[in-house]
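Same order as they appear, the protein sequences are chains S and Y.
Letter 88 of the first sequence, counting from 1, is numbered 99 in the numbering used here, and no numbers are missing.
Letter 41 of the second sequence, counting from 1, is numbered 208 in the numbering used here, and no numbers are missing.
Read the structure below first, then the notes.
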Amino acid sequence: GQQLNQSPQSMFIQEGEDVSMNCTSSSIFNTWLWYKQDPGEGPVLLIALYKAGELTSNGRLTAQFGITRKDSFLNISASIPSDVGIYFCAGSGGSNYKLTFGKGTLLTVNP
Amino acid sequence: SAVISQKPSRDICQRGTSLTIQCQVDSQVTMMFWYRQQPGQSLTLIATANQGSEATYESGFVIDKFPISRPNLTFSTLTVSNMSPEDSSIYLCSGRDRGIGELFFGEGSRLTVL
Chain S
12 GQQLNQSPQS
22 MFIQEGEDVS
32 MNCTSSSIFN
42 TWLWYKQDPG
52 EGPVLLIALY
62 KAGELTSNGR
72 LTAQFGITRK
82 DSFLNISASI
92 PSDVGIYFCA
102 GSGGSNYKLT
112 FGKGTLLTVN
122 P
Chain Y
168 SAVISQKPSR
178 DICQRGTSLT
188 IQCQVDSQVT
198 MMFWYRQQPG
208 QSLTLIATAN
218 QGSEATYESG
228 FVIDKFPISR
238 PNLTFSTLTV
248 SNMSPEDSSI
258 YLCSGRDRGI
268 GELFFGEGSR
278 LTVL
């Protein structure tokens with residue numbers, strides 16, 4: 012089945028720093044989604060990408076759908092304490108629209 | 168975006184019992200899914216809940232253990248049967264309102280099996 016490699020596994024940064032995380036796939040995806048999960052909550056959708064090369068922003072967040080359709084990255088600029096959480100990439104390919112999730116990146120922001 | 172509500176939000180269960188989780192969406196969605204998130208892990212798809220017919224299960228998940236119902240376009244249930252401590256997880260309901268649209272999640276149901 013499809014596999015996603017998400018890195019880094021965890022990050023510990025200072026408030027105000029920029030953050031970058033990425034996902035690579037063993038197969039081509041048609042859709043890339045990025046989610047954030049806070050403790051005790053379900054994942055919340057941050058950004059959705061549907062076309063190779065697409066670059067999309069949501070406030071301080073920017074994500075790109077890789078040209079090869081096998082990778083995506085998420086950048087967070089000027090991090091703040093509320094950015095703390097687990098970030099998941101997810102992708103789907105083919106006609107079944109089922110999502111495969113990465114293992115997540117745990118982000119800690121030191122005030 | 169659709170708002171998805173789940174209940175119970177958490178429960179502590181005894182080994183050998185069964186628990187049914189309910190998922191309610193505030194609008195009609197074409198597709199609904201159930202995921203499991205074990206402690207400290209990512210999300211794993213259990214099954215696709217099909218309206219009016221049997222759910223489609225992923226490898227490693229079977230109907231006898233995780234029976235699913237979806238009587239209409241806004242409601243689904245997942246039952247975790249004959250629970251063991253290994254079933255302690257967060258169970259997440261999700262919905263998609265278009266074939267290739269975004270997937271939205273409920274807040275999850277955290278089950279602890281003693």
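Each residue gets a CB set at the ideal place from its N, CA and C atoms; glycine is no exception.
Here the structure is a predicted model, which means the values were calculated and not measured.
Exercise. Give me the Cα-Cα distance between GLU269/Y and LYS109/S, rounded to the nearest whole angstrom.
Key: If you number the second sequence from 1, residue 269/Y lands on position 102. If you number the first sequence from 1, residue 109/S lands on position 98. When rounded, the distance between both Cα atoms is 11 angstroms.
Practice problem: Alpha carbon to alpha carbon, how far is VAL280/Y from VAL229/Y? Give it in angstroms, no decimals. | Solution: Within the second sequence, numbered from 1, the residue matching residue 229/Y stands at position 62. Within the second sequence, numbered from 1, the residue matching residue 280/Y stands at position 113. Using only the alpha carbons, I get a separation of about 19 angstroms.
Self-check item: C-beta atoms of SER176/Y and SER276/Y nearer than 8 angstroms
Solution: For this step, residue 176/Y is matched to residue 9 along the second sequence. For this step, residue 276/Y is matched to residue 109 along the second sequence. Yes, the pair counts as a contact, with Cβ atoms nearer than the cut-off.
Exercise. Would you list, in chain order, the members of the stretch 248 to 264 of chain Y that have their beta-carbon closer than 9 angstroms to a beta-carbon of chain S?
Key: Cβ contacts with chain S come from ILE257, LEU259, CYS260, SER261, ARG263.
Quiz item: So, using beta-carbon positions, are ASN217/Y and ARG237/Y closer together than 8 angstroms?
Solution: Within the second sequence, numbered from 1, the residue matching residue 217/Y stands at position 50. Within the second sequence, numbered from 1, the residue matching residue 237/Y stands at position 70. A contact, by the Cβ cut-off of 8 angstroms.
Exercise. Please confirm whether MET32/S and PHE84/S have their CB atoms less than 8 angstroms apart.
Key: Taking the first sequence and counting its residues from 1, the one referred to as residue 32/S is at position 21. Taking the first sequence and counting its residues from 1, the one referred to as residue 84/S is at position 73. Contact: yes.
Quiz item: THR246/Y and LEU186/Y: beta carbons closer than 8 angstroms?
Solution: For the purposes of this step, residue 246/Y is taken as the residue at position 79 of the second sequence. For the purposes of this step, residue 186/Y is taken as the residue at position 19 of the second sequence. Their beta carbons are under 8 angstroms apart, which means THR246/Y touches LEU186/Y by this criterion.
Quiz prompt | C-alpha gap between ALA89/S and THR119/S, whole angstroms | solution = Translated into positions along the first sequence, residue 89/S becomes position 78. Translated into positions along the first sequence, residue 119/S becomes position 108. Rounded to the nearest whole angstrom, the C-alpha separation of ALA89/S and THR119/S is 13 angstroms.
Quiz item: Thinking just about the alpha-carbon of each residue, which of LEU210/Y, TRP201/Y, TYR258/Y is nearest to the one in THR223/Y?
Solution: As a working note, residue 223/Y is residue 56 in the second sequence. Per the C-alpha coordinates, the member of LEU210/Y, TRP201/Y, TYR258/Y positioned closest to THR223/Y is TRP201/Y.
Practice problem: Tell me whether PRO238/Y sits in a helix, a strand or coil according to DSSP, three-state version. | Solution: By one-based count along the second sequence, residue 238/Y stands at place 71. In this structure, PRO238/Y counts as strand in the three-state DSSP scheme.
Quiz item: Taking buried to mean at least 16 other C-beta atoms within 10 Å of its own C-beta, is GLN299/Y buried or exposed?
Solution: Here chain Y has residues from 168 to 281 only, and residue 299/Y is not among them.
Practice problem: Going by CA-CA distance only, name the one from ASN121/S, ALA101/S, PRO122/S that's closest to SER209/Y. | Solution: Working through the second sequence from its first residue, we reach residue 209/Y at position 42. The residue with the shortest Cα to Cα distance from SER209/Y is ALA101/S.
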